[in-house]
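Undergrad: Sending over a structure as structure tokens; questions will come in a sec.
2 protein chains.
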Amino acid sequence: MSADASPPVPVGILVHRGERVESRHRVSYAIADAAGALRQALGEHDRPVFPRSAVKPLQALVLLESGAAERFGVSQAELALACASHGGEPMHVDVVRAWLARLGLDQSALECGAHPPTHRPSAERLIAAGQAPAPLHNNCSGKHTGMLTVARHIGAPLKGYIAAEHPVQQRVAALLAALAGIDALPAPATDGCGIPTWPMTLAQLATAMARLADPQALSAPRRAACLEVRRAMSAHPRLVAGSGRPCTAIIGAAPEVLVKTGAEGVYAAALPALGLGLALKVEDGASRAAPVALLALLQGLGALPPPARADLAGLARPLLRNHAGVAVGRIEPAPGWPPLG
Amino acid sequence: MSADASPPVPVGILVHRGERVESRHRVSYAIADAAGALRQALGEHDRPVFPRSAVKPLQALVLLESGAAERFGVSQAELALACASHGGEPMHVDVVRAWLARLGLDQSALECGAHPPTHRPSAERLIAAGQAPAPLHNNCSGKHTGMLTVARHIGAPLKGYIAAEHPVQQRVAALLAALAGIDALPAPATDGCGIPTWPMTLAQLATAMARLADPQALSAPRRAACLEVRRAMSAHPRLVAGSGRPCTAIIGAAPEVLVKTGAEGVYAAALPALGLGLALKVEDGASRAAPVALLALLQGLGALPPPARADLAGLARPLLRNHAGVAVGRIEPAPGWPPLG
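Residue numbers (the working numbering), protein chains in the order written: chain V, 16 to 356; chain C, 16 to 356.
Written as structure tokens, this is what we have:
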């Protein structure tokens with residue numbers, strides 16, 4: 016890509032310092048229905064992106080469809096953790112630890128690697144206790160435990176369950192392709208937690224989320240799985256992300272608005288009341304811009320009831336404070352963005 | 016700004032995952048000489064940006080020009096700290112603490128606020144010791160101590176030295192304007208550490224840095240101050256930033272290449288061997304992209320001798336690793352970027 020051929024992705028989110036724009040984020044998005052029709056789109060909706068963790072609610076469908084959840088008595092809370100990028104808080108770690116134990120496993124079976132809890136107080140408690148971060152604290156430990164549950168159920172090797180060729184990942188890929196309405200996904204790259212991340216366009220990701228939102232045309236088992244995933248996320252918003260996190264705040268304020276963040280500025284949403292799915296990508300990958308863009312889109316679609324809009328006002332236009340606590344700026348949508356028609 | 020009027024800032028830096036581009040950063044830059052001539056520029060070089068901490072080497076000139084440094088016996092290490100966005104490591108905190116003590120002050124005089132050391136092991140040691148972050152750990156504590164030194168020297172109030180109207184900040188603004196070759200700077204916003212951050216275009220910031228690099232046409236005291244600031248940064252690269260930090264690595268590898276990072280994707284450089292100044296801004300404010308863009312520009316200008324290029328190769332094209340330590344991607348300049356002519 017030469018400098019002259021830079022793609023024209025419109026600016027969506029502005030970062031102000033005082034009354035001046037300091038930084039800008041460009042955002043592409045797609046909004047689709049369950050029939051695969053693109054209802055709204057802007058920017059590079061047809062370029063493959065890595066959906067990263069935004070597809071966790073879709074990956075979790077395999078746990079249900081395969082029969083693994085039923086066989087191993089996976090609870091609604093555990094299912095919410097399978098859909099989560101969790102903060103590594105005790106409420107998250109405890110659920111995953113107990114689930115692994117029920118499989119006869121411990122965290123040594125997890126191949127996600129370790130990182131400190133993203134929930135800062137939990138990370139600081141670990142340090143103060145002289146403990147190193149462990150795979151249980153990885154924000155993806157619930158998803159990985161779900162994949163181990165599937166592997167055990169179908170008799171596939173537990174070791175190496177993160178490889179793209181492993182039967183569990185192949186089931187995930189087949190399901191993502193089916194929901195996105197395509198024959199096969201392009202070759203994957205490796206996600207932060209070691210599993211394959213399969214490229215999808217925003218239009219395809221929005222279509223898949225629309226089918227989670229409106230699964231009527233799907234097979235009966237897949238339809239049932241969609242309803243169960245939605246119920247789990249609605250019932251346990253604090254398990255899907257955690258304290259202080261946008262996904263938790265949004266689902267908590269509007270339980271029928273099922274949103275999921277992904278690394279590098281991705282967000283996906285399933286909107287059952289509207290029968291729509293939504294996917295967005297911040298061009299530069301900024302996590303600070305993605306929820307602001309998401310909320311602007313949700314508001315533009317009328318997806319948020321007034322009480323939820325009030326609850327989420329601080330998240331929709333976040334204030335920036337300096338180290339002395341003084342408000343020095345704000346993040347907000349650019350005037351006229353999104354240009355929903 | 017409407018979505019259709021999004022400014023055409025070219026993509027400069029690509030973030031790859033596997034062999035696919037995952038995220039992109041757009042970068043504007045300006046390269047100027049001490050006469051104020053723009054030698055190279057791309058993108059929004061004429062739009063005012065907040066230079067943030069990238070002007071610390073210029074702010075520090077006031078400490079020297081005012082006579083405050085001489086009167087209070089400011090050492091070369093202390094001067095380097097006045098130019099620093101330091102990591103809050105013991106080597107930084109100890110210098111600032113002793114400097115404050117020589118003024119008869121302690122960190123309660125600092126109005127920068129507190130944040131955990133940006134150097135992670137230092138932050139973790141604080142937590143493990145049950146200690147809260149203090150103003151000394153603020154990455155700007157050296158700059159603030161320099162400003163207190165000036166305030167004491169000129170008999171201005173110490174309290175409130177961060178206000179835009181305070182004589183110290185007015186001296187800084189006058190100096191920045193003079194070096195940038197303009198009559199007066201636009202109204203400031205508030206920086207992360209509470210002081211005013213005065214908007215400048217990249218062309219103006221590059222001009223000011225060119226005069227630091229080539230101060231021949233400046234007054235004798237200002238010329239002397241420029242040489243002292245450069246010597247301090249060259250001699251103490253570890254004090255200008257810290258362990259694992261790009262500024263420290265670049266100045267350490269090429270002591271005549273004086274670079275300074277600023278928040279929100281800004282970088283400035285003074286290149287005495289070429290008589291040039293350089294300023295860049297990543298449109299979205301990403302700190303991961305700024306040093307990669309800077310190194311590409313420095314290499315394009317021939318500013319880095321071959322041994323320095325070799326030392327800095329890992330910083331010029333950083334590998335991205337996932338939580339299990341596997342290389343999953345890289346950050347690098349877009350093909351053909353920068354289009355230095």
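Where a beta carbon is used, it is the ideal one built from N, C-alpha and C, also for glycine. Given the structure is predicted, the values throughout are model-derived calculations rather than measurements.
#1: By a C-beta neighbour count over all protein chains shown, 10 Å radius and 16 as the cutoff for buried, is V:S17 buried or exposed?
#2: Which residues does DSSP list as the beta-bridge partners of V:V36?
#3: Would C:P261 and C:P321 qualify as a contact pair, given that the criterion is a beta-carbon distance under 8 Å?
#4: Measuring alpha carbon to alpha carbon, tell me which residue in C:A331, C:I210, C:Q314 is nearest C:E126.
#5: Using a Cβ-Cβ distance under 8 Å, would V:P214 count as near chain C?
#6: Does the region 230-238 of chain V come close enough to the region 264-284 of chain V to have 3 or more Cβ pairs within less than 8 Å?
#7: DSSP on C:E126, reduced to helix/strand/coil?
#8: In three-state terms, what does DSSP make of C:Q146?
#9: Determine contact between the region 141-155 of chain C and the region 97-107 of chain C, defined as no fewer than three beta-carbon pairs at a distance below 8 Å.
#10: Residues of the region 128-155 of chain V with a CB closer than 8 Å to any CB of chain C: list them in chain order, please.
#11: Give me whichever residues DSSP pairs with C:Q55 in a beta bridge.
#12: For my contact list, C:E37 and V:E279 are in at a C-beta cut-off of 8 Å; report their separation, rounded to the angstrom.
#13: For V:V26, which residues of its own chain have a beta-carbon under 6 Å away from its beta-carbon, when the five flanking residues on both sides are left out?
#14: Where DSSP assigns a beta bridge to V:V64, which residues make up the other side?
#15: Is the shortest distance between the beta-carbon of V:S123 and the beta-carbons of chain C less than 8 Å?
#16: Hey, C:L115 and C:D109 are a contact pair by Cβ (cut 8 Å); roughly how many whole angstroms apart?
#17: C:P348 lies in the beta strand (DSSP E); which residues open and close that run?
#18: Measuring straight from C-alpha to C-alpha, what distance separates C:A81 and C:P182?
#19: By the 10 Å Cβ neighbour count, where 16 or more other Cβ atoms means buried, how is V:G207 classified, buried or exposed?
#20: Just to make sure I have the definition right: I need the residues of chain V whose C-beta is within less than 7 Å of the C-beta of C:R117. Which are they?
#21: Would you kindly check if the distance between the Cβ of C:Y44 and the Cβ of C:H60 is under 8 Å?
#22: In the DSSP assignment, what are the bridge partners of C:R41?
#23: State buried or exposed for V:S137, treating a residue as buried only when at least 16 other CB atoms are found within 10 Å of its CB.
#24: Please go through the same chain and pick out, in chain order, the residues whose beta-carbon is closer than 7 Å to the beta-carbon of C:A223, but skip the five residues on each side of it.
#25: On the DSSP bridge list, what partners appear for C:R336?
#26: Taking all protein chains shown into account, do 16 or more other C-beta atoms lie within 10 angstroms of the C-beta of V:Q146, making it buried, or fewer, making it exposed?
#27: Taking just the CA atoms, how far does V:A250 sit from V:A92?
#28: Between the beta-carbon of V:H338 and the beta-carbon of C:A124, is there less than 8 Å?
#29: Identify whether C:K275 lies in helix, strand or coil by the three-state DSSP scheme.
#30: Mind reading off the beta-carbon distance from C:P353 to C:A311? Whole number of angstroms is fine, and I expect it under 8 Å.
#31: Under 8 Å, Cβ to Cβ, is there at least one residue of chain C near V:A299?
#32: Roughly how many angstroms separate the alpha carbons of V:A283 and C:G175, rounded to a whole number?
#33: Quick check on the burial criterion: 16 or more other C-beta atoms within 10 angstroms. Buried or exposed for C:P132?
#34: Mind checking V:P172: buried by the 16 CB within 10 Å criterion, or exposed?
#35: So, V:L200 versus V:P214, is the Cβ gap smaller than 8 Å?
#36: For a contact meaning CB atoms closer than 8 Å, what does C:V343 contact in chain V?
TA: Considering the structure as presented:
#1: With a pLDDT of 39 at V:S17, under the threshold of 50, the predicted position of this residue should be treated as unreliable, though the coordinate-derived value follows. Classification for V:S17: exposed.
#2: V:H31
#3: no
#4: C:I210
#5: yes
#6: no
#7: coil
#8: coil
#9: yes
#10: G128, A129, H130, E139, I142, A143, G145, N153
#11: C:I46
#12: 6 Å
#13: R39, R41, A349
#14: V:M215
#15: no
#16: At roughly 11 Å, the Cβ-Cβ gap does not stay under 8 Å, so C:L115 and C:D109 are not in contact.
#17: 342-348
#18: Looking at the sequence itself, residue 81 of chain C is Ser, so the reference to Ala does not match. Rounded to the nearest angstrom, the two C-alpha atoms are 12 Å apart.
#19: buried
#20: Per Cβ cutoff of 7 Å: no residues; C:R117 is ~25 Å from chain V at best.
#21: yes
#22: C:V26
#23: buried
#24: L73, L191, L194, A195, G292
#25: C:A342
#26: exposed
#27: 8 Å
#28: no
#29: strand
#30: 6 Å
#31: First, the residue type needs correcting, since residue 299 of chain V is Asp and not Ala in the sequence shown. With 8 Å as the cut-off, V:D299 counts as an interface residue toward chain C.
#32: 46 Å
#33: buried
#34: exposed
#35: yes
#36: A204, T205, D206, G207
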